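Trainee: Below are the structure tokens for one structure; questions will follow.
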Ligand code: HEM
């Protein structure tokens, strides 16, 4: 047990003050199973051993549910969406939705990913400063809106982006408070939350209604969700279920990838030799033509850049579970109601798995390095039955977006930039954003065929 917890709040304050530092220290000082407390009664265990993590996520997953944390976003994503549902409801929803993430569909989405990025970056001006974190969020929102319901996001920021930002901000606040007041209590924050959700509902329901009246077949995610029929009961989804899933995928599927991209761009600006190798790969594989979905497989170094960004700053830095019954894991006995934190951030910085864990070295992933590690030493997308359903989508998106950008621009941190540090919101993102200068690579990109160094 970690000492010095406060009688009432337990270790909540230390946790909130510096989540990453607190968890890293716990894992170093207290080993594979470190016990602490949230509030007076909630026992929490940080698990930092790959085999024990595997037991929680995979082998004994039936003894666990998602932790109470996810209640904070239920008003937004509903009870029946993939992120928040449990047991049979979750299994059924997963069966229904999985087909829309099949590789064949993702390749269709890949063209949208490229078109949206090329269109977006075509407006960037040489040598001008940009807020890259905002740009990546806009590109990711554009991609998810287009692939989900064929909506052109340029017209949609006010109607979707803005209320989405407000709703997510308040969700995180709710997650971090010990006592969540029910939504009917008319606090300022609850009123704002409800208003944001109503605005989003209005847009999403009107899209669903329009689609129900539309006889044409659509290949986007909404089309696939609305046509999906369960193999077992033959039933499709109600409007409410489609709404919950759209909202879920919308939320799960943009901020995460946007942050992965922002971090990758930041790391490139700090590691010129990696940047040169990236440019060489892009010039060799793509040259001056427009990128295509098929380039993804050939951009192996670019893929490793994304893997390495996801290692150093995994957007989902904590995965939490709650024991639904008394359970034994690796000889430790836990009680029903105990809470478990599994941290990709903590595991992916362990020197026993990653040499120089704080250094950005995409080459470490070469020669199938991950295959030599225990599976849950590196798990930015979680694992088991609740593994990120969008993992292939996200990797393809991040690689293609980065390739489109790197084909045309070199990006530098603004000279007067504040120190770049991560902040732990719903996802792990750069604190106070990234201001960066975009510089056209004209001369270099007109020399395709440069060899790798
Ligand atoms: C780099 C980008 C991404 C990262 C790091 C990421 C990470 C994760 C993680 C760690 C989980 C599991 C949480 C848990 O076990 O409790 C998860 C779940 C999920 N993700 Fe992602 N994700 C990313 C992108 C996406 C995208 C692009 C989509 C959709 C287009 C998506 C949709 C989902 C959904 C629906 C779930 C819930 C799955 C379930 O519980 O069955 N994610 N994601």
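Residue numbers (the numbering used here): 1291 to 1743. Ideal placement from N, C-alpha and C gives every residue a C-beta, glycine not left out. Quantities reported herein were computed from a predicted structural model and do not represent experimental measurements.
In the DSSP assignment, what are the bridge partners of residue 1603?
Mentor: Along the chain shown, one-based indexing puts residue 1603 at 313. DSSP lists no bridge partner for residue 1603.
Trainee: Just how far apart, CA to CA, sit residue 1587 and residue 1687?
Mentor: Mapped onto the chain shown, residue 1587 falls at position 297. Mapped onto the chain shown, residue 1687 falls at position 397. If you take the alpha carbons of residue 1587 and residue 1687, they lie about 12 Å apart.
Trainee: Which word fits residue 1331, buried or exposed, when buried means at least 16 other C-beta atoms lie within 10 angstroms of its C-beta?
Mentor: What you label residue 1331 is simply residue 41 of the chain shown in a count that begins at 1. Answer is exposed; the Cβ neighbour count stays below 16.
Trainee: Return helix, strand or coil for residue 1440, following the three-state DSSP convention.
Mentor: Position 150 of the chain shown, counted from the first residue, corresponds to residue 1440. In this structure, residue 1440 counts as coil in the three-state DSSP scheme.
Trainee: Can you tell me the Cβ-Cβ gap for residue 1667 and residue 1340, rounded? I've got them flagged as a contact below 8 Å.
Mentor: Stepping through the chain shown from its first residue, residue 1667 is reached at position 377. Stepping through the chain shown from its first residue, residue 1340 is reached at position 50. The pair is a contact, with the Cβ atoms about 5 Å apart (cut-off 8 Å).
Trainee: Report yes if the CB atom of residue 1527 is closer than 8 Å to the CB atom of residue 1386, and no otherwise.
Mentor: Reading the chain shown from its first residue, position 237 is the one you call residue 1527. Reading the chain shown from its first residue, position 96 is the one you call residue 1386. Taking 8 Å as the Cβ cut-off, residue 1527 and residue 1386 qualify as a contacting pair.
Trainee: Taking all protein chains shown into account, decide if residue 1578 is buried (16 or more other Cβ within 10 angstroms of its Cβ) or exposed.
Mentor: Here residue 1578 is taken as the residue at index 288 of the chain shown, counted from 1. With fewer than 16 other Cβ atoms within 10 Å, it is exposed.
Trainee: Could you check if residue 1439 belongs to the surroundings of the ligand HEM, using beta carbon to heavy atom distance under 7 Å?
Mentor: For the purposes of this step, residue 1439 is taken as the residue at position 149 of the chain shown. A distance criterion of 7 Å places the beta-carbon of residue 1439 beyond contact range of the ligand HEM, judged by its closest non-hydrogen atom.
Trainee: What distance in whole Å lies between the Cβ atoms of residue 1323 and residue 1337, which are believed to be in contact at a cut-off of 8 Å?
Mentor: To locate residue 1337, count along the chain shown from 1; it is residue 47. To locate residue 1323, count along the chain shown from 1; it is residue 33. Confirmed, about 6 Å.
Trainee: Can residue 1727 be considered in contact with the ligand HEM, in the sense that its beta carbon sits closer than 7 Å to one or more heavy atoms?
Mentor: As a first step, residue 1727 must be located in the chain shown, where it is residue number 437. Result no, Cβ not under 7 Å from the ligand HEM.
Trainee: So residue 1432 packs on residue 1406, CB below 8 Å; how close in whole Å?
Mentor: Reading the chain shown from its first residue, position 142 is the one you call residue 1432. Reading the chain shown from its first residue, position 116 is the one you call residue 1406. At roughly 4 Å, the Cβ-Cβ gap stays under 8 Å, so residue 1432 and residue 1406 are in contact.
Trainee: Do you know offhand how far residue 1450's Cα is from residue 1441's?
Mentor: In the chain shown, residue 1450 corresponds to position 160, counting from 1. In the chain shown, residue 1441 corresponds to position 151, counting from 1. The alpha-carbon atoms of residue 1450 and residue 1441 are separated by roughly 11 Å.
Trainee: Using a Cβ-based criterion (distance less than 7 Å to any ligand heavy atom), does residue 1613 qualify as near the ligand HEM?
Mentor: Start at 1 with the first residue of the chain shown, and residue 1613 comes out as number 323. No, since every heavy atom of the ligand HEM falls outside the 7 Å radius drawn around the Cβ of residue 1613.
Trainee: Identify whether residue 1339 lies in helix, strand or coil by the three-state DSSP scheme.
Mentor: Here the question's residue 1339 lines up with position 49 in the chain shown. It is coil, neither helix nor strand.
Trainee: In terms of residue numbering, what span does the beta strand (DSSP E) encompassing residue 1720 cover?
Mentor: Here residue 1720 refers to the residue found at position 430 when the chain shown is read from its first residue. Counting along the chain, the beta strand (DSSP E) containing residue 1720 begins and ends at 1718–1720.
Trainee: In its own chain, which residues sit with a C-beta less than 7 Å from the C-beta of residue 1426, not counting the 5 before and 5 after it?
Mentor: The residue given as residue 1426 occupies position 136 in the chain shown. Correct list, in chain order: 1548, 1551 and 1552.
Trainee: Could you give the distance in angstroms between the alpha-carbon of residue 1558 and the alpha-carbon of residue 1571?
Mentor: The residue given as residue 1558 occupies position 268 in the chain shown. The residue given as residue 1571 occupies position 281 in the chain shown. Approximately 14 Å between the Cα atoms of the pair.
Trainee: From the DSSP output, read off the bridge partner residues of residue 1333.
Mentor: The count along the chain shown starts at 1 and reaches residue 1333 at position 43. Residue 1333 is bridged to 1327.
Trainee: Compare the C-alpha of residue 1503 against each of 1490, 1629 and 1529 and name the closest.
Mentor: Position 213 of the chain shown, counted from the start, is the residue given in the question as residue 1503. Here the closest residue by C-alpha is 1529.
Trainee: By Cβ distance below 8 Å, which residues in the same chain neighbour residue 1580 in space, the five residues on each side in sequence not counted?
Mentor: By 1-based counting over the chain shown, the position of residue 1580 is 290. Correct list, in chain order: 1404 and 1408.
Trainee: Hey, residue 1717 and residue 1605 are a contact pair by Cβ (cut 8 Å); roughly how many whole angstroms apart?
Mentor: Residue 1717 sits at position 427 when you count from the first residue of the chain shown. Residue 1605 sits at position 315 when you count from the first residue of the chain shown. That pair is a contact at about 4 Å.
Trainee: Quick one: residues in its chain with C-beta nearer than 7 Å to the C-beta of residue 1400, no 5 flanking neighbours on either side, listed in chain order?
Mentor: The residue you call residue 1400 lines up with position 110 of the chain shown. Around residue 1400, the same chain offers 1583, 1586, 1686 and 1690 as residues with beta carbons nearer than 7 Å, after the five sequence neighbours per side are excluded.
Trainee: In the structure shown, what three-state DSSP assignment does residue 1418 receive?
Mentor: As a working note, residue 1418 is residue 128 in the chain shown. Three-state DSSP puts residue 1418 in a strand.
Trainee: Please list, in chain order, all residues of the same chain as residue 1713 whose beta carbon is under 7 Å from its beta carbon, the five residues on each side excluded.
Mentor: Position 423 of the chain shown, counted from the first residue, corresponds to residue 1713. Hits under 7 Å: 1719 and 1721.
Trainee: Hey, out of 1610, 1493 and 1350, whose CA is closest to residue 1628's CA?
Mentor: Counting from 1 along the chain shown, the entry for residue 1628 is found at position 338. If we check each option's Cα against that of residue 1628, 1610 comes out closest.
Trainee: Looking at the secondary structure, which residues open and close the alpha helix (DSSP H) in which residue 1558 lies?
Mentor: Within the chain shown, numbered from 1, the residue matching residue 1558 stands at position 268. 1545–1560 is the extent of the alpha helix (DSSP H) around residue 1558.
Trainee: Between which two residues does the alpha helix (DSSP H) carrying residue 1686 extend?
Mentor: As a first step, residue 1686 must be located in the chain shown, where it is residue number 396. Note, residue 1686: alpha helix (DSSP H), 1681–1698.
Trainee: Counting Cβ pairs closer than 8 Å, one from the segment 1374–1384 and one from the segment 1702–1710, do we hit at least three?
Mentor: As far as the Cβ criterion goes, the segment 1374–1384 does not touch the segment 1702–1710, which means the pair count is below three.
Trainee: To the nearest angstrom, how far is it from the Cα of residue 1457 to the Cα of residue 1487?
Mentor: In the chain shown, the residue the question calls residue 1457 occupies position 167. In the chain shown, the residue the question calls residue 1487 occupies position 197. Cα-Cα distance, rounded: 7 Å.
Trainee: Identify which residue in 1640, 1356, 1417 and 1682 has its Cα closest to the Cα of residue 1731.
Mentor: The count along the chain shown starts at 1 and reaches residue 1731 at position 441. Out of 1640, 1356, 1417 and 1682, 1417 has the C-alpha closest to the C-alpha of residue 1731.
Trainee: Let me know if residue 1303 comes out buried or exposed under the rule of 16 or more other beta-carbons within 10 Å of its beta-carbon.
Mentor: Here the question's residue 1303 lines up with position 13 in the chain shown. It counts as exposed.
Trainee: Does the beta-carbon of residue 1756 have 16 or more other beta-carbons within 10 angstroms, so that it is buried, or is it exposed?
Mentor: This structure cannot settle anything about residue 1756, because the visible part of the chain is limited to 1291 through 1743.
Trainee: Since residue 1356 sits in a beta bridge, which residues does DSSP pair it with?
Mentor: Counting from 1 along the chain shown, the entry for residue 1356 is found at position 66. Partner(s): 1611.
Trainee: Answer yes or no: do residue 1525 and residue 1533 have a C-beta to C-beta separation smaller than 8 Å?
Mentor: What you label residue 1525 is simply residue 235 of the chain shown in a count that begins at 1. What you label residue 1533 is simply residue 243 of the chain shown in a count that begins at 1. Not closer than 8 Å, so no.
Trainee: Run through DSSP, which three-state label would residue 1708 get?
Mentor: By one-based count along the chain shown, residue 1708 stands at place 418. In this structure, residue 1708 counts as coil in the three-state DSSP scheme.
Trainee: Whole alpha helix (DSSP H) runs in the segment 1297–1323 with 4 or more residues, listed along the chain?
Mentor: Qualifying alpha helix (DSSP H) stretches, in chain order: 1302–1307 and 1309–1320.
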